[in-house]
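Novice: Sequential numbering of the sequence shown, starting at 2, is according to the working numbering.
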Amino acid sequence: MTATSRRHYNVLGIGFGPSNLALAIALEEAGADFTAHFIEAAPDATWQPSMLLDGSDIQNNPLRDLVTPRNPKSHYTFVNYLHENGRLFAFLNLGIIYALRKDYSKYITWVASHFTRAVSYRTRAANISYDVRRACWRVTTNNGDYTADALVIGTGRTPNIPEPFCRHVGPRVFHLSEYALRMRELGSTLSSVAIIGSSQSAVELNLDLLKRLPNARIHAIHRSYSMRQKDTSPFSDHVYFPEFIDYFFSAGRRGQEELQQQLRSTNYNSADLDVLHQLYLSIYEERLDGRDRFRLHNNTAVDRVVADASGVSLDLRERFYGTTERLSVDAVVLATGFLDIGSGEGKEPYPKLLASVAPMLTKSEPGALVVERDYQVRSQNGALLFLNGLCESSHGLGDAGSFSLLSLRASEILRSLARKFAQPPATNQAGDTRHTPSPEIASVKHTPVIQPETVYAQQAIDGFSR
């Protein structure tokens, strides 16, 4: 596509990570009779390339993949990926609950390889506008303009950068989403690193740095007393059941806030027991060997940051005693999570990509976007805009970057799109009026909206059921 060309689709997906990839699968398997395309800034579909650490896992049952909860007979299941790549029995023989993150990343790349004609890689959305008269979106990219009747935003969440670090993000102060890149650039030069945070990712990064940099000092800094174990009770894990979405969505703002507070430890500022044990054992063994390279700064706030080309200086304060110290390190990794759509700490009112059209989108009292049950953003002019994977504040923890419900979320969005783009009644020569069946209730005999490299056109019974 040239810099001045433009293409029009019924549906344009921005981002081709797991959420929109799940939507692409659902579109193909339903045989939807409207056009769709996806654009992706990255050069390929590699998932979490900066966090493919040795031994790290996905933290969710591998059957909660891109498609199985919606259509377990699909070609695109994780089990079929293992089978087609000759690793099914070897995987079963591992005796693990959760798949390796590296394996799941390869699974996602394998699925995406079937959809190369449905996506334009290296295509970054720079601006979005909406033509009210034509009821049409325009997306300006580095590869020309796209227009569409509906947009589906599946770009993932914005990295959360705590205020003291905002002005210093760069080669020496970076978010975990840049970890692999920055370590390739700096790794051999580092003699000390600070990790900010106490999440699963923070624990994994501490473990990785202890192995990667055998002579470096590692500083773990976080505001709580301890690195806490994640709440993995099977009762708590009902937050990843589809019926919890309805419960949470209908609970009202106060109820949603209380539920988020109650259930926070199922996903945030906590880690799985296995990695906590690994880190504790590593620290013990270090001290047993007289090395003592790991220092824990718990109940500690970072008040001031100064960074330059040679390193980073952190002013630390113990939160209860008020004692202070200045710590100098070569680099700082921010394992501080991502922003959700909403109001308050750790949230943003809307994705930055929507800033130019934000005035036409309906906001709640606190100023955040109003999102409907089908993930459509409410607007003042009926514009068709969906958020695919950004709705934890309105739809619960199943929308918090987890794979658990993304295949069912894709079916919800597809069901809504199918209603929007249903074919009008057709009249035959005898004057009979007949409706083309909607993709949500019938297999449509036509060229599918998504034409992957290899089309698996099986139609899933109850493909849209939750």
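C-beta atoms are modelled at their ideal positions from N, C-alpha and C, and glycine is treated no differently.
Please read all numbers here as calculations on a predicted model, not as lab measurements.
1) In angstroms, rounded to a whole number, what distance separates the CA positions of S314 and V330?
2) For the candidate residues N299, F387 and D232, whose alpha-carbon lies nearest to that of L362?
3) Measure the beta-carbon distance from I26 to Y82 and round it to whole angstroms, keeping in mind my assumption that it falls under 8 Å.
4) With contact counted as at least three CB pairs below 8 Å, one residue from each stretch, are the segment 338-345 and the segment 131-149 in contact?
5) So for C137, helix, strand or coil by DSSP?
6) In the structure shown, what three-state DSSP assignment does L386 receive?
7) With contact counted as at least three CB pairs below 8 Å, one residue from each stretch, are the segment 413-421 and the segment 27-41 in contact?
8) Which stretch, first to last residue, makes up the alpha helix (DSSP H) that contains D247?
9) Between which residues of its own chain and P70 is the CB-CB distance below 6 Å, once the five residues before and five after are set aside?
10) Near L297, which residues of its chain fall below 6 Å by C-beta distance, leaving aside the five closest residues on each side in sequence?
11) Helix, strand or coil for G188 per DSSP?
12) Considering only the alpha carbon of each residue, which of E41, Y376, A302 and S200 lies closest to E413?
13) Is it buried or exposed for L64, if we count other Cβ within 10 angstroms and need 16 for buried?
14) To the nearest angstrom, how far is the alpha carbon of K364 from that of G291?
15) Apply the 10 Å Cβ neighbour rule to F90 and answer buried if 16 or more other Cβ atoms are within range, or exposed otherwise.
16) Taking L499 as the reference, give the member of E205, R102, E29 and I98 with the closest Cα.
17) Taking all protein chains shown into account, do 16 or more other C-beta atoms lie within 10 angstroms of the C-beta of A272, making it buried, or fewer, making it exposed?
18) Given that a residue counts as buried once 16 or more other Cβ atoms are within 10 Å of its Cβ, and exposed if not, what is E41?
19) Given that a residue counts as buried once 16 or more other Cβ atoms are within 10 Å of its Cβ, and exposed if not, what is C392?
20) If you count every other CB in all the chains shown that lies within 10 Å of the CB of P44, and 16 or more means buried, which is it?
21) Do the CB positions of L208 and L95 come within less than 9 Å of each other?
22) How many angstroms separate the CA atom of G256 from the CA atom of H396?
23) DSSP three-state label for D104, please.
24) Using 8 Å as the threshold, is the segment 211-231 in touch with the segment 189-199, meaning 3 or more CB pairs across them?
25) Can you give me the C-alpha to C-alpha distance between A217 and L191, rounded to a whole angstrom?
26) Among the candidates V358, S121 and F17, whose CA atom is the shortest distance from the CA of I109?
27) For E346, tell me which candidate among E164, G87 and D275 has the shortest Cα-Cα distance.
28) Between which two residues does the beta strand (DSSP E) holding Y147 run?
29) To the nearest angstrom, how far is the alpha carbon of D247 from that of A411?
30) Answer with buried or exposed for Q262, where buried requires no fewer than 16 other C-beta atoms within 10 angstroms of its C-beta.
31) Looking only at its chain, what residues have a beta carbon closer than 6 Å to the beta carbon of L282, apart from the 5 residues adjacent to it on each side?
32) Residues bridged to H9 by DSSP?
33) Within its chain, find whatever has a CB closer than 6 Å to the CB of F404; leave out the 5 residues flanking it on each side and keep chain order.
34) Under a CB-based cut-off of 9 Å, is Q257 close to chain C?
35) Between D58 and D238, what straight-line distance do the alpha-carbon atoms span, to the nearest angstrom?
36) Helix, strand or coil for T434 per DSSP?
Specialist: Put simply:
1) Residue mapping note: residue 314 aligns to position 313 of the sequence shown, counting from 1. Residue mapping note: residue 330 aligns to position 329 of the sequence shown, counting from 1. When rounded, the distance between both Cα atoms is 6 Å.
2) Mapped onto the sequence shown, residue 362 falls at position 361. Among N299, F387 and D232, the Cα nearest to that of L362 belongs to F387.
3) Within the sequence shown, the letter at position 25 stands for residue 26. Within the sequence shown, the letter at position 81 stands for residue 82. Incorrect: roughly 12 Å between the Cβ atoms, too far for contact.
4) Taking 8 Å as the limit for Cβ pairs, the verdict is that the segment 131-149 does not touch the segment 338-345.
5) Locating residue 137 in the sequence shown gives position 136, where the first residue counts as 1. Strand at C137.
6) In the sequence shown, counting from the first residue as 1, residue 386 sits at position 385. Here L386 sits in strand by DSSP.
7) yes
8) Within the sequence shown, the letter at position 246 stands for residue 247. Its alpha helix (DSSP H) spans residues P243 to F250.
9) Position 69 of the sequence shown, counted from the start, is the residue given in the question as residue 70. Excluding sequence neighbours, P70 sits near S408 and L409.
10) Against the sequence shown, residue 297 aligns to sequence position 296. Cβ neighbours of L297 beyond the five flanking positions: A221.
11) Walking along the sequence shown from the start, residue 188 turns up at place 187. DSSP, read as helix, strand or coil, puts G188 in helix.
12) As a position in the sequence shown, residue 413 is number 412, starting the count at 1. Checked all of E41, Y376, A302 and S200; the closest Cα to E413 is Y376.
13) In the sequence shown, the residue the question calls residue 64 occupies position 63. Under this definition L64 is an exposed residue.
14) On the sequence shown, position 363 is the one that residue 364 refers to. On the sequence shown, position 290 is the one that residue 291 refers to. Taking the straight line from one Cα to the other gives about 57 Å.
15) Numbered from 1 along the sequence shown, position 89 holds the residue referred to as residue 90. So F90 ends up on the exposed side.
16) Residue 499 is absent from the model: the chain starts at 2 and stops at 467.
17) For the purposes of this step, residue 272 is taken as residue 271 along the sequence shown, with counting starting at 1. A272 is buried by the Cβ-count criterion.
18) Start at 1 with the first residue of the sequence shown, and residue 41 comes out as number 40. Buried, by the Cβ-count rule.
19) Taking the sequence shown and counting its residues from 1, the one referred to as residue 392 is at position 391. Buried: at least 16 other Cβ atoms inside 10 Å.
20) Reading the sequence shown from its first residue, position 43 is the one you call residue 44. Classification of P44: exposed, given that the 10 Å Cβ count is below 16.
21) Here residue 208 is taken as the residue at index 207 of the sequence shown, counted from 1. Here residue 95 is taken as the residue at index 94 of the sequence shown, counted from 1. In this structure, L95 does not lie closer than 9 Å to L208 by Cβ.
22) Here the question's residue 256 lines up with position 255 in the sequence shown. Here the question's residue 396 lines up with position 395 in the sequence shown. Looking at the two C-alpha atoms, the distance is approximately 12 Å.
23) Position 103 of the sequence shown holds residue 104. D104 falls in the helix class under three-state DSSP.
24) yes
25) One-based indexing of the sequence shown puts residue 217 at position 216. One-based indexing of the sequence shown puts residue 191 at position 190. Going by the C-alpha atoms only, they are around 7 Å apart.
26) To locate residue 109, count along the sequence shown from 1; it is residue 108. For I109, the closest of V358, S121 and F17 by C-alpha to C-alpha distance is F17.
27) Mapped onto the sequence shown, residue 346 falls at position 345. Looking from the CA of E346, the closest CA among E164, G87 and D275 belongs to E164.
28) In the sequence shown, the residue the question calls residue 147 occupies position 146. Judged by DSSP secondary structure, Y147 falls within the beta strand (DSSP E) whose first and last residues are G145 to I154.
29) Residue 247 sits at position 246 when you count from the first residue of the sequence shown. Residue 411 sits at position 410 when you count from the first residue of the sequence shown. Going from the Cα of D247 to the Cα of A411 covers about 16 Å.
30) On the sequence shown, position 261 is the one that residue 262 refers to. Around the C-beta of Q262, fewer than 16 other C-beta atoms lie within 10 Å, and the residue is accordingly described as exposed.
31) In the sequence shown, the residue the question calls residue 282 occupies position 281. Closer than 6 Å at the Cβ level, and outside the excluded window around L282, lies no residue.
32) For the purposes of this step, residue 9 is identified with residue 8 of the sequence shown, where counting begins at 1. Answer by DSSP bridge pairing, in chain order: T148.
33) The residue you call residue 404 lines up with position 403 of the sequence shown. Answer for F404: N61 and R65, listed in chain order.
34) Looking for chain C here will not work: only one protein chain is present.
35) Position 57 of the sequence shown holds residue 58. Position 237 of the sequence shown holds residue 238. For D58 and D238, the distance between alpha carbons rounds to 18 Å.
36) By one-based count along the sequence shown, residue 434 stands at place 433. With a pLDDT of 29 at T434, under the threshold of 50, the modelled position of this residue cannot be trusted; read the value that follows with caution. DSSP places T434 in strand when its eight states are reduced to three.
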